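S.K.:
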Amino acid sequence: MRVSSVFIHRPVATILLMLALVLGGWLSGRLLPVAALPEMDYPTIRVLTRFPGASPDVVTSTVTAPLERQFGQIPGLAQMSSVSSPGVSVITLRFDLAIKLDVAQQDVQAAINASAGLLPSELPAPPVFSKINPADAPIMTLALTSANLPLTELNDLVENRIAQRLAQVPGVGLVSIAGSQRPAVRVQVDPAALQARGLSLEDVRTAIAAANVNLPKGGFDGPARSLTLDANDQIRSAADYGKLILLWRKTGAVRLSDIATVSEGAENIRLAAWADNTPGIVLNVQRQPGSNVIQTVDQIQRLLPLLRDSLPADASLQVMSDRTLTIRESLQAVQVELLLAVVLVVGVIYLFLGTASGTLVPGIAVPLSLVGSLVFMWFAGFSINTLTLMALTVATGFVVDDA
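Numbering (this note's numbering), first residue to last: 191 to 593.
The following block contains the structure:
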């Protein structure tokens, strides 16, 4: 009775405390992350390295192995797994729960920088890493299709425009592309023609690599002015590749088109994706650990009209799946059950007590306790999910017993 007497003899302080709980619960409810299930987010980073044209064995020995040796020295690394596929190396690093994700990112970046001298110089881009939660399925799947535009042009729109804008949305952890169709020039060499001219595949590769460069050319430095030479030696079309001279003979120049078929196509012709029955480029969006999945998807939905306006008229960006639909429905169902539980409990108390004043106490205590619980949930790092809402529903009965 000593605890109760403090609040009974100080009604103004009690009312202010109740208002503070309501205000704190309202703020905590806006800050709490929303998910389908409780958060179990391990600090996890995925490192992706592209090496076009390399076999899985070459990717393993020249890319994956050097990176793994560097990553293995990072303190706090709990688990490391890798997948080496044709042209791609994917390394997944999972750290201890005590390691902060920002600290892990810095260590991973330092390890990538340390391994720069050990990686092949032919890599089109350095390894890139992103924060992910492997247990999370994509929160949204988008597809870019077109009836007239080629897939290589759609892939350029996805990589340079759509994926970058989506990755900037707060709460988005990773935007992965399925069915990537990066533009490339494909050279299919005729072995018979190659042998007849006394050439090898290494000769062809060396000639292409030497001709397709973009290096500094130097400059002129005089007493009155200085000039910098600027010339781009990069070859950008299949027709220009076909004119490439491999060697000179008495009969004339031997060009690439004489011993090979040069055409424009996709970098990897064995990758494909469909939106229903239409070929296209698919984007899978994953959330950052601890982010509010519903708020993240709502921000993506608000961004989609701007993205559609920036696309060509023939391109169509559509939503293939939205994981928050089921999350919203399940959370709404549990919230309705919670509201019904409060109403029924207060109604039963009124039937037994028969007085409005006696029912007023649990009628105020039940919702106040539920709202106040959100404050402690926020401090404890919980989220609003199916299990926590069910726990609040069950706890409603205990509040009535105490009231």
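Glycine included, each C-beta is placed from N, C-alpha and C at the ideal position. Fair warning: this is a prediction, and the values are worked out from it, not measured in the lab.
1) Among Leu560, Val509 and Leu543, which one has its Cα closest to the Cα of Ala531?
2) In the DSSP assignment, what residue or residues form a beta bridge with Leu238?
3) Please report the straight-line C-alpha distance between Gly571 and Glu527, rounded to a whole angstrom.
4) Is the beta carbon of Ile490 sitting closer than 9 Å to the one on Val224?
5) With DSSP as the reference, label Asp423 as helix, strand or coil.
6) In or out: Pro495 buried (at least 16 other Cβ within 10 Å) or exposed?
7) Given a cut-off of 9 Å, decide if Ala300 and Ile235 are closer than it, judged by their beta-carbon atoms.
8) For Ala300, report the span of its alpha helix (DSSP H) as first-last.
9) For Asp393 and Ala399, what's the separation of their Cα atoms in angstroms?
10) For a cutoff of 9 Å on Cβ pairs, would you count Val444 as touching chain D?
11) So, for Leu600: in the same chain, excluding its five sequence neighbours on each side, which residues have a beta-carbon less than 8 Å away from its beta-carbon?
12) Can you give me the C-alpha to C-alpha distance between Asp420 and Asn402, rounded to a whole angstrom?
13) Measuring only the C-alpha atoms, how far is Tyr232 from Thr514?
14) What is the DSSP secondary structure of Val224, reduced to helix, strand or coil?
15) For the beta strand (DSSP E) containing Asp411, name the first residue and the last one.
16) Which residues in the same chain have their Cβ closer than 7 Å to the Cβ of Arg387, if we skip the five residues on either side of it in sequence?
17) Just verifying my parser: in three-state terms, what is the DSSP assignment at Glu457?
18) Give me the Cβ distance between Gly361 and Ser481, rounded to the nearest whole Å; I'm assuming they're in contact under 8 Å.
19) On the DSSP letters alone, give me the boundaries of the alpha helix (DSSP H) that Asn402 sits inside.
20) Report the rounded CA-to-CA distance for Ser427 versus Val377, giving the unit in angstroms.
21) Would you kindly check if the distance between the Cβ of Val556 and the Cβ of Val524 is under 9 Å?
22) Output yes or no for whether 9 Å exceeds the beta carbon distance between Thr239 and Val280.
23) If you reduce the DSSP assignment to three classes, tell me which class Ser245 lands in.
24) Below 7 Å CB to CB, which residues in the same chain sit around Leu543 once its five sequence neighbours on both sides are set aside?
25) First and last residue of the beta strand (DSSP E) that includes Asn474?
26) Indicate the three-state DSSP secondary structure (helix, strand or coil) for Ser311 in the structure shown.
27) Please state the DSSP three-state secondary structure of Asp346.
28) Thinking just about the alpha-carbon of each residue, which of Ala306, Thr468 and Gln478 is nearest to the one in Leu339?
29) Let's see if you can read the secondary structure: which residues bound the beta strand (DSSP E) around Asp512?
30) Taking DSSP as the reference, what is the three-state secondary structure of Gln378?
31) Quick one: using the 10 Å Cβ neighbour count with 16 as the cut-off for buried, is Val375 buried or exposed?
32) Name, in chain order, the residues that DSSP records as bridge partners for Met580.
33) Can you list, in chain order, the residues of its chain whose CB lies under 7 Å from that of Leu582, leaving out five sequence neighbours each side?
34) With distances taken from CA atoms, which of Ala244, Gly266, Ser272 and Gln354 is nearest Leu493?
35) Would Leu446 and Ala397 qualify as a contact pair, given that the criterion is a beta-carbon distance under 9 Å?
36) Okay, do the segment 246-255 and the segment 271-286 touch, 3+ Cβ pairs below 8 Å being the bar?
M.R.: From the atom records:
1) Counted from its first residue, the sequence shown places residue 531 at position 341. The residue with the shortest Cα to Cα distance from Ala531 is Leu560.
2) Here residue 238 refers to the residue found at position 48 when the sequence shown is read from its first residue. Looking at the DSSP assignment, Leu238 forms a beta bridge with Val280 and Val318.
3) Taking the sequence shown and counting its residues from 1, one reaches residue 571 at position 381. Taking the sequence shown and counting its residues from 1, one reaches residue 527 at position 337. For Gly571 and Glu527, the distance between alpha carbons rounds to 24 Å.
4) Numbered from 1 along the sequence shown, position 300 holds the residue referred to as residue 490. Numbered from 1 along the sequence shown, position 34 holds the residue referred to as residue 224. It is not a contact, given that the beta carbons lie outside the stated cut-off.
5) Taking the sequence shown and counting its residues from 1, one reaches residue 423 at position 233. DSSP places Asp423 in coil when its eight states are reduced to three.
6) Counting from one through the sequence shown, the residue named residue 495 turns up at place 305. Residue environment for Pro495: exposed (fewer than 16 other C-beta atoms within 10 angstroms of its C-beta).
7) As a working mapping, residue 235 is identified with position 45 in the sequence shown. As a working mapping, residue 300 is identified with position 110 in the sequence shown. Taking the C-beta atoms as reference points, Ala300 is found no nearer than 9 Å to Ile235.
8) The sequence position of residue 300 within the sequence shown is 110, counting from 1. Its alpha helix (DSSP H) spans residues Leu291 to Ala304.
9) Working through the sequence shown from its first residue, we reach residue 393 at position 203. Working through the sequence shown from its first residue, we reach residue 399 at position 209. Taking the straight line joining both Cα atoms gives about 10 Å.
10) Any reference to chain D falls outside this structure, which holds one protein chain only.
11) Residue 600 lies beyond the residue range present for the chain, which begins at 191 and ends at 593; the question has no answer from this structure.
12) Taking the first residue of the sequence shown as 1, we reach residue 420 at position 230. Taking the first residue of the sequence shown as 1, we reach residue 402 at position 212. Their Cα atoms are separated by approximately 15 Å.
13) Along the sequence shown, one-based indexing puts residue 232 at 42. Along the sequence shown, one-based indexing puts residue 514 at 324. Rounded to whole angstroms, the gap between the alpha carbons of Tyr232 and Thr514 is 22 Å.
14) On the sequence shown, residue 224 is found 34 positions in, with the first residue counted as 1. Reduced to three states, the DSSP call for Val224 is strand.
15) Taking the sequence shown and counting its residues from 1, the one referred to as residue 411 is at position 221. Here the beta strand (DSSP E) through Asp411 covers Gly409 to Asp411.
16) As a position in the sequence shown, residue 387 is number 197, starting the count at 1. Result list for Arg387: Val444 and Ile449, in chain order.
17) Locating residue 457 in the sequence shown gives position 267, where the first residue counts as 1. Of the three classes helix, strand and coil, the one that applies to Glu457 here is coil, per DSSP.
18) What you label residue 361 is simply residue 171 of the sequence shown in a count that begins at 1. What you label residue 481 is simply residue 291 of the sequence shown in a count that begins at 1. Going by Cβ atoms, the distance from Gly361 to Ser481 rounds to 4 Å, so yes, they are a contact pair.
19) Against the sequence shown, residue 402 aligns to sequence position 212. Looking at the DSSP string, Asn402 is not in any alpha helix (DSSP H), and its letter there is neither H nor E.
20) Counting from one through the sequence shown, the residue named residue 427 turns up at place 237. Counting from one through the sequence shown, the residue named residue 377 turns up at place 187. Taking the straight line joining both Cα atoms gives about 12 Å.
21) Reading the sequence shown from its first residue, position 334 is the one you call residue 524. Reading the sequence shown from its first residue, position 366 is the one you call residue 556. Going by C-beta atoms, Val524 is not nearer than 9 Å to Val556.
22) Walking along the sequence shown from the start, residue 239 turns up at place 49. Walking along the sequence shown from the start, residue 280 turns up at place 90. Yes, Cβ-Cβ distance for Thr239 and Val280 is below 9 Å.
23) Mapped onto the sequence shown, residue 245 falls at position 55. Correct three-state label for Ser245: coil.
24) Within the sequence shown, numbered from 1, the residue matching residue 543 stands at position 353. The answer, listed in chain order, is Thr549.
25) Within the sequence shown, residue 474 is the residue found at index 284, counting from 1. Taken as a continuous stretch (DSSP letters only), the beta strand (DSSP E) holding Asn474 covers Thr468 to Arg477.
26) Locating residue 311 in the sequence shown gives position 121, counting from the first residue. Of the three classes helix, strand and coil, the one that applies to Ser311 here is coil, per DSSP.
27) By one-based count along the sequence shown, residue 346 stands at place 156. Three-state DSSP puts Asp346 in a helix.
28) Here residue 339 is taken as the residue at index 149 of the sequence shown, counted from 1. It is Thr468.
29) On the sequence shown, position 322 is the one that residue 512 refers to. Going by DSSP, Asp512 is part of the beta strand (DSSP E) stretching over Ala505 to Asp512.
30) Taking the sequence shown and counting its residues from 1, one reaches residue 378 at position 188. DSSP places Gln378 in strand when its eight states are reduced to three.
31) For the purposes of this step, residue 375 is taken as residue 185 along the sequence shown, with counting starting at 1. When all chains shown are included, Val375 counts as buried.
32) For the purposes of this step, residue 580 is identified with residue 390 of the sequence shown, where counting begins at 1. Per DSSP, none; premise fails for Met580.
33) The residue you call residue 582 lines up with position 392 of the sequence shown. Here the set comprises Leu528, Leu560 and Ser563.
34) Working through the sequence shown from its first residue, we reach residue 493 at position 303. Of the listed residues, the one whose Cα sits closest to Leu493 is Gln354.
35) In the sequence shown, residue 446 corresponds to position 256, counting from 1. In the sequence shown, residue 397 corresponds to position 207, counting from 1. Cβ atoms of Leu446 and Ala397: closer than 9 Å.
36) The answer is yes - the segment 271-286 touches the segment 246-255, with three or more Cβ pairs under 8 Å.
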